[in-house]
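Asks: Below are the structure tokens for one structure; questions will follow.
In this note's numbering, the protein residues as written are 2 to 121.
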């Protein structure tokens with residue numbers, strides 16, 4: 002017996018626009034968090050702490066927390082990148098958008114994904 006699957010949901014223009022906007026907003030927040038984390042890490046210098054010997058372990062602990070926060074942030078970025086790729090696929094497969102609309106959404110996703118490479 003062959004069962005044909007029918008698509009229950011197809012992305013329309015409003016949904017595509019909202020989803021791309023959400024991805025863009027999420028990446029903006031993620032980029033801001035990287036900057037904030039970097040600023041915090043830069044602020045943790047030995048001149049901030051006293052020279053009584055207790056400052057070194059504290060600075061090392063803060064540096065470890067910073068590195069852990071970056072790993073957590075990078076994991077979120079990977080999930081966000083996967084979500085963006087899923088949105089791209091949904092836009093590709095929909096019949097409710099014309100080619101110009103699809104191209105516009107692709108360009109927006111490419112701009113967001115391109116400026117958010119691991120090297121950035």
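Quick reminder that beta carbons are idealized off the backbone N, C-alpha and C, glycines included.
Taking the CB atoms as reference points, tell me whether residue 38 and residue 70 lie closer together than 7 Å.
Replies: To locate residue 38, count along the chain shown from 1; it is residue 37. To locate residue 70, count along the chain shown from 1; it is residue 69. The answer is yes: Cβ separation under 7 Å.
Asks: Whole angstroms is fine: what's the gap from residue 11's alpha carbon to residue 92's?
Replies: Stepping through the chain shown from its first residue, residue 11 is reached at position 10. Stepping through the chain shown from its first residue, residue 92 is reached at position 91. When rounded, the distance between both Cα atoms is 9 Å.
Asks: State the Cα-Cα distance for the pair residue 106 and residue 43, rounded to the nearest angstrom.
Replies: If you number the chain shown from 1, residue 106 lands on position 105. If you number the chain shown from 1, residue 43 lands on position 42. Answer to the nearest angstrom: the Cα atoms are 37 Å apart.
Asks: Pick helix, strand or coil for residue 111, following the three-state DSSP scheme.
Replies: On the chain shown, position 110 is the one that residue 111 refers to. Residue 111 falls in the helix class under three-state DSSP.
Asks: What's the C-alpha gap between residue 16 and residue 100?
Replies: Along the chain shown, one-based indexing puts residue 16 at 15. Along the chain shown, one-based indexing puts residue 100 at 99. Going by the C-alpha atoms only, they are around 16 Å apart.
Asks: Below 7 Å CB to CB, which residues in the same chain sit around residue 82 once its five sequence neighbours on both sides are set aside?
Replies: On the chain shown, residue 82 is found 81 positions in, with the first residue counted as 1. Counting only Cβ-Cβ distances below 7 Å, and skipping sequence neighbours, we find 114.
Asks: Buried or exposed: which applies to residue 78, given that a residue is buried once 16 or more other Cβ atoms fall within 10 Å of its Cβ?
Replies: Taking the chain shown and counting its residues from 1, the one referred to as residue 78 is at position 77. So residue 78 counts as buried.
Asks: Is the beta carbon of residue 88 closer than 7 Å to that of residue 20?
Replies: One-based indexing of the chain shown puts residue 20 at position 19. One-based indexing of the chain shown puts residue 88 at position 87. It is a contact, given that the beta carbons lie within the stated cut-off.
Asks: Which word fits residue 110, buried or exposed, when buried means at least 16 other C-beta atoms lie within 10 angstroms of its C-beta?
Replies: The residue labelled residue 110 in the question sits at position 109 within the chain shown. Residue 110 is buried by the Cβ-count criterion.
Asks: Below 8 Å on the Cβ atoms is my contact criterion, and I expect residue 90 with residue 14 to pass it. Report the Cβ-Cβ distance as a whole number of Å.
Replies: Indexing the chain shown from 1 puts residue 90 at position 89. Indexing the chain shown from 1 puts residue 14 at position 13. In fact, because the Cβ distance is near 17 Å, the residues do not count as touching under 8 Å.
Asks: To the nearest angstrom, how far is it from the Cα of residue 76 to the Cα of residue 95?
Replies: Position 75 of the chain shown, counted from the start, is the residue given in the question as residue 76. Position 94 of the chain shown, counted from the start, is the residue given in the question as residue 95. Those two C-alpha atoms are separated by around 29 Å.
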